[in-house]
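Sequential numbering from 1 applies to the sequence shown in this note's numbering. C-beta atoms are modelled at their ideal positions from N, C-alpha and C, and glycine is treated no differently. Here is the structure we will look at.
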Amino acid sequence: MSELILLPAVDVQAGQAVQLVQGVAGSEKVFGDPLAAAQRWQDAGAQWLHLVDLDAAFGRGSNAEVLAGIVGEVGMQVEMSGGIRDDASLERALATGCRRVNIGTAALENPQWCERVIAEHGDRIAIGLDVRGTRLAARGWTQEGGELYETLDRLNAAGCVRYVVTDVASDGMLSGPNLTLLADVCARTDAAVIASGGVSSIDDLIAVSELVPSGVEGAIIGTALYVGNFTLSEALDAVRA
1 MSELILLPAV DVQAGQAVQL VQGVAGSEKV FGDPLAAAQR WQDAGAQWLH
51 LVDLDAAFGR GSNAEVLAGI VGEVGMQVEM SGGIRDDASL ERALATGCRR
101 VNIGTAALEN PQWCERVIAE HGDRIAIGLD VRGTRLAARG WTQEGGELYE
151 TLDRLNAAGC VRYVVTDVAS DGMLSGPNLT LLADVCARTD AAVIASGGVS
201 SIDDLIAVSE LVPSGVEGAI IGTALYVGNF TLSEALDAVR A
């Protein structure tokens with residue numbers, strides 16, 4: 001069985017690494033230099049990095065130069081997210097050399113554009129599905145975005161090969177991942193699924209890894225690493241066991 005891929009998160013706001021609670025602006029805890037954070041995860045053995053421009057996601061600015069600098073400095077494969085909504089922002093993100101980009105709001109607001117970029121860029125495109133119940137959240141989670149399974153069916157038909165599934169209610173809460181949501185999404189798609197939100201312990205990661213045969217490929221870890229619930233080395237050892 002293939003092992004669960006772990007993607008430590010570096011979320012950037014105003015040039016700093018931060019972690020939000022349920023994606024709410026103003027809830028952030030600041031963790032300093034984002035490049036130092038990325039290098040720390042690389043030194044601990046990470047193969048992947050989940051890199052987010054929160055200001056772009058909220059439509060209030062950009063950390064594009066900071067993110068490009070991180071991609072250029074680290075040897076990890078990078079999944080980049082935040083504010084990728086049109087050709088210009090997509091091309092800028094892809095030009096950094098990141099392995100793939102995660103598109104959220106645009107998939108809900110501009111489905112034709114989304115279908116085109118999936119067709120053009122294939123596995124360099126992941127679609128972020130930010131879920132409350134069975135409804136999708138858009139624009140930095142501040143707006144309603146439609147029904148999860150209708151959107152999933154449409155994106156499957158467009159050929160999407162990977163989804164980043166975030167349970168908004170659990171993100172940053174250290175309350176455990178929504179395993180039911182992950183299993184339900186896996187049952188509705190042949191695409192790979194990256195789990196995001198709620199991982200608080202090694203046991204949570206082991207529980208997510210049990211969904212690998214169903215289609216879960218990886219898990220994004222944020223707050224739990226930053227507050228020291230476990231180390232990345234411990235997490236990597238656990239999913240290899």
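Using CA coordinates, which residue listed in the options is at the minimum distance from residue i?
| i | options | result |
| --- | --- | --- |
| isoleucine 127 | Glu79, Ala95, Ala88, Asp87 | Glu79 |
| glycine 197 | Glu234, Leu129, Pro213, Ala191 | Leu129 |
| cysteine 114 | Gly82, Ala88, Gly83, Cys160 | Cys160 |
| isoleucine 202 | Ile118, Leu136, Gly75, Ser175 | Ser175 |
| arginine 116 | Leu90, Arg135, Glu210, Gly133 | Leu90 |
| alanine 137 | Glu65, Leu67, Tyr149, Val168 | Val168 |
| glutamate 147 | Ala107, Asn178, Gly218 | Ala107 |
| alanine 192 | Val216, Ala238, Val239, Gly75 | Val216 |
| glycine 243 | Leu232, Ala238, Arg240 | Limits of the chain in this structure are 1 at one end and 241 at the other, which puts residue 243 out of reach. |
| alanine 241 | Val212, Gly228, Ile206, Ala183 | Ile206 |
| alanine 17 | Val131, Ala9, Pro34, His121 | Pro34 |
Would you list the residues sitting across from residue i in a DSSP beta bridge?
| i | result |
| --- | --- |
| methionine 80 | Leu51, Val101 |
| threonine 166 | Asp130, Ser196 |
| glutamate 147 | Arg135 |
| leucine 7 | Ile220 |
Report the three-state DSSP secondary structure of residue i (helix, strand or coil).
| i | result |
| --- | --- |
| aspartate 123 | helix |
| proline 34 | helix |
| glutamine 13 | strand |
| glycine 69 | helix |
| alanine 187 | helix |
| glutamine 19 | strand |
Measure the alpha-carbon distance for residue i versus residue j and round it to whole angstroms.
| i | j | result |
| --- | --- | --- |
| alanine 157 | aspartate 86 | 21 Å |
| glutamate 73 | arginine 154 | 37 Å |
| aspartate 123 | arginine 162 | 7 Å |
| asparagine 178 | serine 170 | 8 Å |
| glutamate 210 | arginine 40 | 27 Å |
| asparagine 110 | histidine 50 | 24 Å |
| glutamate 59 | glycine 222 | The sequence given here places glycine at residue 59; glutamate does not occur at that position. Cα to Cα, the separation comes out at about 22 Å. |
| isoleucine 118 | valine 66 | 26 Å |
| leucine 54 | phenylalanine 31 | 14 Å |
My assumption, with CB atoms under 8 Å, is that residue i sits in contact with residue j. Please give the rounded CB distance.
| i | j | result |
| --- | --- | --- |
| serine 62 | alanine 68 | Incorrect: roughly 11 Å between the Cβ atoms, too far for contact. |
| isoleucine 84 | isoleucine 70 | Not quite, the Cβ-Cβ distance comes to about 16 Å (not below 8 Å), so this is no contact. |
| threonine 77 | arginine 92 | The amino acid occupying residue 77 in the given sequence is glutamine; threonine does not appear at that position. Glutamine 77 to arginine 92, Cβ: 18 Å. No contact. |
| tryptophan 48 | glycine 218 | 7 Å |
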